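The sequence shown begins at 203 in our numbering and counts up one residue at a time. Glycine residues also receive a C-beta, built at the ideal position from the N, C-alpha and C atoms. These numbers come from a predicted model, not from an experiment.
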Amino acid sequence: MVSGHGASAESLDLKIGALLEASGPLSEIGPPAEKATNLAAEVANKAAKDAGATIKVGVVTADAQGDPQAALSAARTLVDKGASCILGPGTTPESISVLNGITMQRKITLWPLASSTRLRTVKDDGTIYRTVAADDLQSKALVQAIENHVGKGKSVAIVFRNEPYGDALSKSFTTDWKATGGTITTTVSFDPQQQSFDSEAGQVVADNPDAYVVIDYPETYAKFGAALVRTGKFDAKKVFVADALSFANVPENIPAEALEGAYGVAGGSPTGTETYKLFNKLWDEAGGVANASYTANTFDAGILCFLAAVQAGSTEPGAIRDKIRSVTQDGAPQFTIANLSEAVKAAETGKPIDYVGVSGLFRFKDNGDPSTSLYDVFQYKGGKQVKVEQVNVK
């Protein structure tokens, strides 16, 4: 037991590791992810105090740098600082490096924001859970978005960065788009390290497709987007970007003409719920960086780690791993962040509970991925992201 009401009230000190993209190609997502992790710890500590539970939650951070070796080194730093679970990193190569280098061996649950289906081709011994849907679902969301705003059976050109995220998502989208009667005019891949993207940009616009699907990171799209604009044939209003190009405000280094009017998809949360409203209120009250895509997913991962530790009565990584499904069990009493102290009391009994996250219900498949996902469809207007609709895919 971790409660002060029990006969054996053991005090627990839970450390959540935040493996952040503080620098590198995905540095845009670092600050919001760090804030989401800290907010999860604050909410967890208040719930524990209100429940009379003797568990304290802290956060330790390190920079993955968008590099597999740097990510592994950073993960080792987090483990040395006592992390019992790790939120992040942002890419699949980093995640696989961390998995094989330390977390699987130590039975530490890893909660990556990486969405590539390639992450499920490696053995993980039940240590990888994702609150972010895999790209086979994101592909379906892209299909729905294009059908809603361009039409069915239209022509699409695909451009993607040649690494696991881009390769897997482009293949999934090609299959799904053709299955609905659509056509692909061209599929262009590029090396993120190359000096010029003019040739590839010319190939993308050559056949004047009805829509473009762009799968890239912000740092590279600043250059590739500029190359697209230089063709003189590019219309950003025909663009549909994948989730790595989702941000509250378009970064200054990306030309306005490369994204103004563009659509995109990113993991969403049920916006009409009291839980969502409460999360936004807490986020605004905390100050700092603006809310962004996947902050709710990162927050929920932190809360799940906390509840699993409470139910296990332990901060041992393996004990936490073994309780993740028991705190998201279908049919068990449901709890949200609005009554999290009651969730703590229920978890202390060792009986299953069902945490309903800010990002929705968690029904993990055997491999630890969500079985369904809600996606925001957004559009860039005046350099800001505006949500247009939501689509539910499975």
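The stretch 485–494 contacting the stretch 568–584, beta-carbon criterion three pairs below 8 Å: no
Backbone CA spacing between K309 and A224 [nearest angstrom]: Each residue's alpha carbon lies about 25 Å from the other.
Residues that I360 bridges to, as DSSP identifies them: T389, V415
Separation of K439 from F501, as counted between CA atoms: 32 Å
Bridge partners - T311, DSSP secondary structure assignment: C287
Which of helix, strand or coil DSSP assigns to V245: Helix at V245.
Buried versus exposed call for D418 [16 or more other C-beta atoms within 10 Å across all chains shown]: buried
Span of the alpha helix (DSSP H) around A372: First, the residue type needs correcting, since residue 372 is Ser and not Ala in the sequence shown. Counting along the chain, the alpha helix (DSSP H) containing S372 begins and ends at 366–381.
Beta-carbon proximity list for R332, same chain, < 6 Å, skipping 5 on both sides: Within the same chain, D571 come within 6 Å of R332 by CB-CB distance, once the 5 residues on both sides are set aside.
Where Q536 sits in the DSSP three-state scheme: Correct three-state label for Q536: strand.
Member of N482, V588, V245 whose CA lies at the smallest distance from the CA of F449: V588
Span of the alpha helix (DSSP H), counted from its first residue to its last, around G404: 400–407
Three-state class that DSSP yields for S575 in the structure shown: strand
Check whether I330 and L315 have beta carbons under 7 Å apart: No; because the gap between Cβ atoms is not below 7 Å, this pair is not in contact.
Environment of E550 [buried if 16+ CB atoms lie within 10 Å]: buried
DSSP state of A316 mapped onto helix, strand, coil: Residue state, collapsed to three classes: coil.
Endpoints, beta strand (DSSP E) assigned at I257: 257–265
Every unbroken alpha helix (DSSP H) within the stretch 496–549, with a cutoff of 4 residues, ordered by chain: 497–514, 519–523
Span of the alpha helix (DSSP H), counted from its first residue to its last, around A272: First-last of the alpha helix (DSSP H) with A272: 270–282.
Buried/exposed call for S573, threshold 16 Cβ in 10 Å: Exposed is the call here.
Beta-carbon separation (whole angstroms), F560 vs I539, contact threshold 8 Å: With the sequence shown as reference, residue 560 is identified as Val, and Phe is not the correct amino acid for it. Going by Cβ atoms, the distance from V560 to I539 rounds to 7 Å, so yes, they are a contact pair.
Proximal residues to V259 (C-beta, below 7 Å), its chain only, five neighbours per side dropped: L216, I218, A243, A246, N247, F508
Spatial distance of A359 from N410 (CA atoms): 9 Å
Residue from G404, Y414, G226, K283 whose Cα sits closest to the Cα of T385: Y414
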